[in-house]
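Data block below; observations after.
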Amino acid sequence: MYLLNRNKTARDNFYKALACDPDQASIHYYLSKTTDGRLSEYHLKKSAEMGFYKAINEITRLRR
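Residue numbers 973 to 1036, in my numbering, belong to the letters of the sequence shown in order.
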């Protein structure tokens, strides 16, 4: 339960940061880690489109 609450808090904080700077690829990347399903895929793709290296690597690995 502790980890779930921490994950929710982190996700909420990343969304607050995204509201301040929606063009920050790293925020989208870490949101992909704290969400699931299509929302997670959306944030990962958005981050990769912005050129965030970790996201590009992860998408490349997933496609293999």
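Using N, Cα and C, we set each Cβ at its ideal position, and we do this for glycine too.
According to DSSP, simplified to helix, strand and coil, what is PHE986? helix
Would you report the Cα separation of ASN985 and LEU1003, rounded to the nearest angstrom? 10 Å
Integer Cβ distance of LEU1016 from ILE1031, believed to fall under 8 Å: 6 Å
How close, in whole Å, do the beta carbons of TYR1001 and ALA982 come, if the pair is a contact with beta carbons under 8 Å? 13 Å between Cβ atoms; not a contact.
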